[in-house]
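Have a look at the structure below before the remarks.
In the working numbering, the protein residues as written are 1 to 485.
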């Protein structure tokens with residue numbers, strides 16, 4: 001019979017009997033840039049998944065993990081587009097207003113994207129602009145900076161708006177402290193910026209609304225549209241012509257700007273030939289399965305990450321591909337990465353996170369909206385845009401999805417190169433005994449030579465090395481914590 005010790009974080013369970021590092025977990029890290037599900041980096045520690053609780057029999061001491069809520073998809077029949085858009089707008093209004101109820105000072109993280117612009121617009125229907133402070137990241141790299149979109153709705157000279165600048169200096173200074181609060185390796189490039197935003201927001205508020213979850217609920221991701229394009233590509237483009245497309249895409253020079261043409265075309269032509277769940281993971285992967293084996297030769301026999309997703313995908317009780325990949329994004333990406341980052345970086349500064357667009361009533365409504373009203377032709381988040389069309393600025397309505405990310409691919413060529421050379425040195429990599437030092441050097445040299453964009457992979461290696469230093473080689477993570485753990 002097993003034992004349960006209920007702890008609030010991985011670090012508070014770190015020194016329990018039987019707990020040891022789970023090195024194979026790095027395979028997930030180097031595919032997804034996060035650790036999915038109940039898994040943690042330690043043998044002997046599991047996290048309780050979302051929508052679950054533990055039921056204990058006090059007579060026998062036996063316990064079970066019980067799921068109390070299931071995500072279900074299935075289209076509403078008979079409703080018009082106009083009726084659905086009106087109903088969605090009212091549900092968004094209701095969710096935002098309920099999340100505004102607070103006895104503590106409240107603010108909004110504001111990226112200038114469609115979700116946070118929608119929330120801010122709906123907030124201003126019931127609150128004066130000066131009542132709700134907004135907090136935005138200004139990234140010191142033009143292709144990653146969203147401040148021009150933020151200025152469509154906020155003006156620092158008029159509104160209580162706060163801009164937090166993030167550059168290479170801030171990244172290097174906050175690498176260890178953010179890892180200490182994350183508890184586990186994370187290659188999410190928004191972790192450090194979000195930590196710095198929360199640090200600034202703590203001076204003004206104790207509750208922060210964000211648009212987290214909106215991309216999953218409203219189907220805003222590039223990969224959702226890519227899956228639709230994949231079907232057309234395989235159906236109408238003959239295989240010889242697809243091979244030519246692949247060749248042309250891989251002849252393009254490497255461009256490290258955000259969502260560059262060469263990155264998108266290479267990823268699409270590589271992943272389009274794969275089955276749906278595998279393609280969905282491939283379009284977001286950090287390293288391919290072949291590259292991971294070269295990086296971690298001691299983990300050749302571990303099950304590939306994409307097979308876990310494929311198994312879940314095939315067992316889902318609904319048939320539409322968009323419904324299925326939306327489910328995967330909620331259960332894996334949102335639950336394993338986005339909400340973890342959001343919660344832990346805010347709680348590091350004692351701020352409560354609120355996410356109106358992952359509201360149960362909104363989710364259950366959108367899960368029943370027909371797929372052709374969630375993505376229409378090339379427009380993602382279609383129904384949400386119809387609902388908000390007359391309320392948000394026209395430029396916001398027309399812009400694509402961007403997402404918060406650091407330009408580490410660019411910074412590794414210059415301002416972060418010295419830090420990367422230090423952390424990724426052969427001697428340092430050899431020390432932890434997990435990664436192949438020669439292959440790490442190969443990735444770094446290929447990136448510097450602009451042969452392929454390995455910026456995300458290099459960042460994941462740096463994060464893993466930092467986590468290992470703080471949690472395995474020492475207890476230095478304690479130096480950064482202000483909690484009682």
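All C-beta atoms, glycine included, are put in the ideal place defined by N, C-alpha and C.
> From residue 45 to residue 481, what does the alpha carbon distance come to, in whole angstroms?
Replying inline: Computed Cα separation, rounded: 20 Å.
>> Need the endpoints of the alpha helix (DSSP H) that residue 214 sits in, please.
In response: For residue 214, the uninterrupted alpha helix (DSSP H) run begins and ends at 214-218, by DSSP.
>> Suppose only complete runs of 4+ residues qualify. What are the alpha helix (DSSP H) ranges in the region 347-381, listed by chain order?
In response: 360-366
> Which term fits residue 330, buried or exposed, when burial requires 16 or more other beta carbons within 10 angstroms of its beta carbon?
Replying inline: buried
>> Quick check on this structure: which residue in 256, 19, 473 and 114 has the alpha carbon closest to the alpha carbon of residue 447?
In response: Closest by alpha carbon: 256.
> Which residue or residues does DSSP assign as beta-bridge partners of residue 260?
Replying inline: DSSP lists no partner for residue 260.
> Would a check of beta-carbon distances place residue 54 closer than 9 Å to chain C?
Replying inline: In the structure shown, chain C does not exist; there is a single protein chain.
>> Quick check: what's the CA-CA separation for residue 43 versus residue 19?
In response: 5 Å
>> Please list the terminal residues of the continuous beta strand (DSSP E) segment that includes residue 107.
In response: 106-109
>> Within a Cβ cutoff of 7 Å, which residues of the same chain sit near residue 47, ignoring the five residues on either side of it in sequence?
In response: 38 and 40
> Where are the alpha helix (DSSP H) runs, 4 residues long or more, that stay fully inside the region 8-78, in chain order?
Replying inline: List check, alpha helix (DSSP H) in window: 26-32.
>> Am I right that residue 328 and residue 280 are in contact with their C-beta atoms under 8 Å? What's the rounded C-beta distance?
In response: With 8 Å as the limit, residue 328 and residue 280 qualify as a contact, their Cβ atoms being about 7 Å apart.
> How would you label residue 136, buried or exposed, when you count the other beta carbons within 10 angstroms and need 16 or more for buried?
Replying inline: buried
> Using the C-alpha atoms, what's the distance from residue 263 back to residue 496?
Replying inline: This structure cannot speak to residue 496, because the chain is shown only from 1 to 485.
>> Based on DSSP bridge pairs, tell me the residues matched to residue 144.
In response: Partner(s): none; residue 144 has no beta bridge.
> Do you know how far the Cα of residue 9 is from the Cα of residue 486?
Replying inline: Any question about residue 486 goes unanswered here, given that the chain covers just 1 to 485.
>> Which residue wins for smallest C-alpha separation from residue 493, given the options 398, 379, 145 and 355?
In response: Residue coverage of the chain in this structure runs from 1 to 485, which leaves residue 493 outside it and unanswerable.
>> Our contact map puts residue 213 next to residue 357 with C-beta atoms below 8 Å; I'd like the distance itself, whole angstroms only.
In response: 5 Å
> Going by other Cβ atoms of all chains shown within 10 Å of its Cβ, with 16 needed for buried, is residue 484 buried or exposed?
Replying inline: No answer about residue 484 holds up, because its pLDDT of 39 lies below 50 and its placement is not dependable.
> For residue 350 versus residue 216, is the C-beta spacing smaller than 9 Å?
Replying inline: no
>> Suppose contacts are defined by Cβ-Cβ distances below 9 Å. Is residue 277 in contact with residue 310 by that definition?
In response: yes
> How would you call residue 222, buried or exposed, if buried means at least 16 neighbouring beta carbons within 10 angstroms?
Replying inline: buried
> Three or more beta-carbon pairs under 8 Å between the region 109-123 and the region 147-161, yes or no?
Replying inline: Contact between the region 109-123 and the region 147-161 is present, because at least three Cβ pairs lie under 8 Å.
>> When you compare the region 359-377 with the region 190-205, are there three or more beta-carbon pairs, one atom per stretch, that lie closer than 8 Å?
In response: no
> Hey, quick one: how far does the beta strand (DSSP E) through residue 139 stretch, first residue to last?
Replying inline: 134-139
>> Spatial neighbours of residue 348 within its chain, please: C-beta separation below 6 Å, excluding the five flanking residues on both sides.
In response: Same-chain partners within the cutoff: 181.
> alpha helix (DSSP H) containing residue 171: first to last residue?
Replying inline: From DSSP, the alpha helix (DSSP H) with residue 171 extends over 168-182.
> Buried or exposed: which applies to residue 85, given that a residue is buried once 16 or more other Cβ atoms fall within 10 Å of its Cβ?
Replying inline: buried
> CA-CA distance, residue 453 and residue 408?
Replying inline: 10 Å
>> Here's the rule: buried if 16 or more other CB atoms are within 10 angstroms of the residue's CB, otherwise exposed. What is residue 104?
In response: Its Cβ having fewer than 16 others within 10 Å, residue 104 is exposed.
>> One question on the structure: do residue 460 and residue 33 come within less than 9 Å of each other, judged by their Cβ atoms?
In response: yes
> When the Cβ atoms of the region 392-404 are set against those of the region 108-116, are three or more pairs found closer than 8 Å?
Replying inline: In short, these stretches touch, since the Cβ pair count reaches three.
> In angstroms, rounded to a whole number, what distance separates the CA positions of residue 169 and residue 260?
Replying inline: 25 Å
> Beta-carbon separation of residue 419 and residue 172 under 9 Å?
Replying inline: yes
> With burial defined as no fewer than 16 other Cβ atoms inside 10 Å of the residue's Cβ, what is the status of residue 189: buried or exposed?
Replying inline: Per the 10 Å Cβ criterion, buried.
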